[in-house]
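Residue numbers (mature numbering (1 follows the signal peptide of the UniProt record, and there is no 0)): -21 to -1, 1 to 409. Quick reminder that beta carbons are idealized off the backbone N, C-alpha and C, glycines included. Quick caveat, the model's predicted, so the values are computed rather than measured. Before any comments, here is the structure.
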């Protein structure tokens, strides 16, 4: 366990020294684009820059502003002190009043740490694991036993720490990008130092990985797959020199693997082994309680892995839509950068609508042929809920401008609410 932790620590420390080696804080050029500039003239053109440091006027060649609404906006471009000239890092200028207010009233460390965890993702993990346990339980009553609660707690705690490691690592390696795309994040805003963030994520990682081995009963193979799989792919996704997020297909693979197979099948297997392994119902209906056996032989595990794998892709690609400006500048070749914000937004909206619609119709059909009244009612209600969620996905998007970051972000957070509700409803499909 110490070897991967040491490896991650070295790479993180190297990346925190210079996430982008060409960026130097020695000289900063601040420039504004007047609203009189026609949008077409900003394409690969020459825009006058007003240097507020020495008062002179310079020019920047070939600034790609094809998909950014930058008219009348202020930007900051850090320049190298060497021969490389202006770097490609263009950062949003913070107003003096906001900076002064932040200095006068700095947030407390617990508040900063909570923001650093990316709470919406943390909440998603906190809801997902109990729902997967309840889905795996032979009966609903067996979920509430002491053994089940202990196995659940032992899985949930390291999982939340691993979530912190993955989201925190992404922020540590994306500081310059976040200053453009998400300037409110703690490191990008200056509320949290990189060194402190590095200690936090490495501590979370160490505790999480240790817990996957230390207990003779609860450190199951399913838990190990969930934690170690998330660690490996989360590291490859964000950390140089791998940075799989730069490549759309590799990034999509990471998302499907983690959000789909690793989390759902891993914790499903852990639940069967640690909480319900002695149940006769499990032994008679399963070829085994390993991750692969669960995925191949248990339709509930297969269904949750497929459904949330697709949902994870939608959320991840929708997240990239408002991040197009920073991703383009830093050569993150996401699907949004490659094919455009409108196309990705429309495709992901339609994909999620189709997913909810298909599952909703299938569950209603299974409710009709169910032999138990209770099963029929549960599946019917969840099926109708899926149809409503599909309608909500389309309805909420009707007036969203795909090129307006604020509007897309609000819609993105609406999808997270549907994600939470989907996990809450998951146990009732069986």
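| Asked | Found |
| --- | --- |
| Residue 113 to residue 157 span [Cα, whole Å] | 37 Å |
| Per-residue burial, residue 14 [other beta carbons within 10 Å of its own, 16 or more giving buried] | Unreliable placement is indicated for residue 14, whose pLDDT of 38 sits below 50; no coordinate value is reported for it. |
| Per-residue burial, residue 402 [other beta carbons within 10 Å of its own, 16 or more giving buried] | buried |
| Of the listed residues 314, 271, 311 and 300, nearest to residue 392 (C-alpha basis) | 300 |
| Runs of alpha helix (DSSP H) wholly within the stretch 163 to 203 (minimum 4 residues, chain order) | 165 to 168 and 173 to 190 |
| Nearest-angstrom beta carbon gap, residue 146 and residue 96 [assumed within contact, 8 Å] | 7 Å |
| Inter-residue spacing [alpha-carbon to alpha-carbon] between residue 414 and residue 352 | Residue 414 lies beyond the residue range present for the chain, which begins at -21 and ends at 409; the question has no answer from this structure. |
| Helix, strand or coil at residue 218 [DSSP, three-state] | coil |
| Every unbroken alpha helix (DSSP H) inside the stretch 334 to 364 [4 residues or more] | none |
| Own chain, CB closer than 7 Å to residue 86, minus 5 neighbours either side, in chain order | 170 |
| Spatial distance of residue 204 from residue 385 (CA atoms) | 37 Å |
| Cβ shell of residue 134 (< 7 Å), same chain only, five flanking positions each side left out | 108, 202, 246 and 249 |
| Residue 132 (DSSP reduced to helix, strand or coil) | helix |
| CA nearest to the CA of residue 151, picked from 179, 140 and 139 | 179 |
| Residue span of the alpha helix (DSSP H) that contains residue 375, given as start and end | From DSSP, residue 375 is part of no alpha helix (DSSP H); its letter is neither H nor E. |
| contact_flag[the stretch 313 to 322, the stretch 274 to 283] where n(CB pairs < 8 Å) is 3 or more | no |
| Residue 117 beta carbon near the ligand MN (any heavy atom closer than 6 Å) | Among the components of this structure there are no ligands whatsoever, and the ligand MN is therefore not found. |
| The stretch 135 to 145 / the stretch 293 to 312 touching (three or more Cβ pairs under 8 Å) | no |
| Limits of the unbroken alpha helix (DSSP H) element including residue 392 | 384 to 404 |
| Neighbour-count burial assignment, residue 374, 16 or more Cβ in a 10 Å radius | exposed |
| Assigned exposure category for residue 19 - 16 Cβ within 10 Å defines buried | Note on residue 19: pLDDT 36, under 50, position unreliable in the model; the coordinate value appears next. Looking at its Cβ environment, which holds fewer than 16 other Cβ atoms inside 10 Å, residue 19 is exposed. |
| Nearest-angstrom Cβ-Cβ length linking residue 237 and residue 212, presumed shorter than 8 Å | 5 Å |
| Inter-residue spacing [alpha-carbon to alpha-carbon] between residue 369 and residue 377 | 13 Å |
| The stretch 332 to 350 in contact with the stretch 304 to 312 per 3-pair CB rule at 8 Å | no |
| Between the CA atoms of residue 122 and residue 110 - distance to the nearest angstrom | 10 Å |
| Simplified DSSP state of residue 255, which is helix, strand or coil | coil |
| Residue range of the alpha helix (DSSP H) that includes residue 89 | 88 to 95 |
| Assigned exposure category for residue 90 - 16 Cβ within 10 Å defines buried | exposed |
| Three-state secondary structure assigned by DSSP to residue 293 | helix |
| Rounded distance between the beta-carbons of residue 230 and residue 216, thought under 8 Å | 7 Å |
| Residue 333 classed as buried or exposed, judged by whether at least 16 other C-beta atoms fall within 10 angstroms | exposed |
| Segment limits, alpha helix (DSSP H) that includes residue 226 | Careful: residue 226 lies outside any alpha helix (DSSP H) and carries neither H nor E. |
| Contacting residues, own chain, Cβ-Cβ under 6 Å from residue 240 (five flanking each side not counted) | 284 |
| Exposure of residue 317, with buried meaning 16 or more beta-carbon neighbours within 10 Å | exposed |
| Whole-number beta carbon distance between residue 244 and residue 274, since they are thought to touch under 8 Å | 5 Å |
| Range covered by the alpha helix (DSSP H) that runs through residue 303 | 303 to 308 |
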